Each structure stands twice: as structure tokens, then as C-alpha cells.
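Novice: The opening position of the sequence shown corresponds to residue 3 in the working numbering, with each subsequent residue numbered one higher. By construction, the Cβ of each residue, glycine as well, lies at the ideal position given by its N, Cα and C atoms. This structure is a prediction, so every number in the text was calculated from the model and none was measured.
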Amino acid sequence: MSYIPGQQVTAIVQRVEIHKLCRGEILILGFSIGGGIDQHHSQNPFSEDTTDKGIYLNCWDMTMVTHDQARKRLTKRSEEVVRLLVTAVSAEGCAAVHQSPGE
């Protein structure tokens, strides 16, 4: 996504709760982890969309962590539930976000 100065931008924040799956004694997330301040978005082979960001994980600020730090926090064995606060930035379709039901 590219940004044009003067263009309206909307940031959508969503809470996500993930219950890890049990495979024997192993807890798994069920998705791949990409990103981190030490990686370029082109290194993530699973997504072309680089606008979704996990900003908080179980009350930990994740905005300035490396890929390995994020992976370790997400896959912590002592936590069966992962609570994320995720942002998605959109420069398109802003009217749909701002409209109330019935408009």
C-alpha cells in the first residue's frame, strides 16, 4: 500500500483472542508468524499485505520487537490464550468504516 500526502487514512483497531491448539504436550497457534523490526516485509512469503500489525500481545508492546522476540512471546508454553491488539491501516474504503448502520 502506498500513501499519498493529503489522502485520508483510517486505522482500524481490533482485539483478537486466540486459544492455542493442543497437539500432545505442544501448544500451537495455527498460523505463521511474520515481521519484526529486523525483517523487511518482502521476507514474509505468506502475505502481500503488510498493513496489519500486532501492536500488543498479552499487554506487551510489540511495536519495536524483532521477529525472534515476537515468535518467542507468541509461542510461550505457559500461555494457552494469546490476546492481540491488531491495527489495520486503510487509505481506501474509508466511507464504509465511518458510516453508521442505516446511512
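Tell me the DSSP secondary structure of His42 in three-state form.
Specialist: Residue mapping note: residue 42 aligns to position 40 of the sequence shown, counting from 1. Three-state result, His42: coil.
Novice: What does a CB cutoff of less than 7 Å around Val67 pick up in its chain, not counting 5 residues either side in sequence?
Specialist: In the sequence shown, residue 67 corresponds to position 65, counting from 1. Within the same chain, Val67 has close Cβ partners Gly38 and Ile39.
Novice: Given a cut-off of 8 Å on the beta-carbon distance, is the pair Leu87 and Arg17 in contact?
Specialist: Within the sequence shown, the letter at position 85 stands for residue 87. Within the sequence shown, the letter at position 15 stands for residue 17. Taking 8 Å as the Cβ cut-off, Leu87 and Arg17 qualify as a contacting pair.
Novice: Gln10 by DSSP, collapsed to three states: which one?
Specialist: Position 8 of the sequence shown, counted from the first residue, corresponds to residue 10. In this structure, Gln10 counts as coil in the three-state DSSP scheme.
Novice: Provide the residue span of the beta strand (DSSP E) that contains Leu23, from first to last.
Specialist: The count along the sequence shown starts at 1 and reaches residue 23 at position 21. Taken as a continuous stretch (DSSP letters only), the beta strand (DSSP E) holding Leu23 covers Leu23 to Arg25.
Novice: Suppose you measure from the CA of Arg85 to the CA of Gln71; what does that come to, to the nearest Å?
Specialist: Residue numbering aside, residue 85 sits at position 83 when the sequence shown is read from its first letter. Residue numbering aside, residue 71 sits at position 69 when the sequence shown is read from its first letter. Between Arg85 and Gln71, the C-alpha separation is close to 16 Å.
Novice: Would you decide whether Gly56 is buried or exposed? Buried here means 16 or more other CB atoms lie within 10 Å of its CB.
Specialist: The residue you call residue 56 lines up with position 54 of the sequence shown. That one is buried.
Novice: Reducing DSSP to helix, strand and coil, say where Arg75 ends up.
Specialist: Numbered from 1 along the sequence shown, position 73 holds the residue referred to as residue 75. Three-state result, Arg75: helix.
Novice: In angstroms, rounded to a whole number, what distance separates the CA positions of Thr65 and Leu59?
Specialist: Along the sequence shown, one-based indexing puts residue 65 at 63. Along the sequence shown, one-based indexing puts residue 59 at 57. Taking the straight line from one Cα to the other gives about 10 Å.
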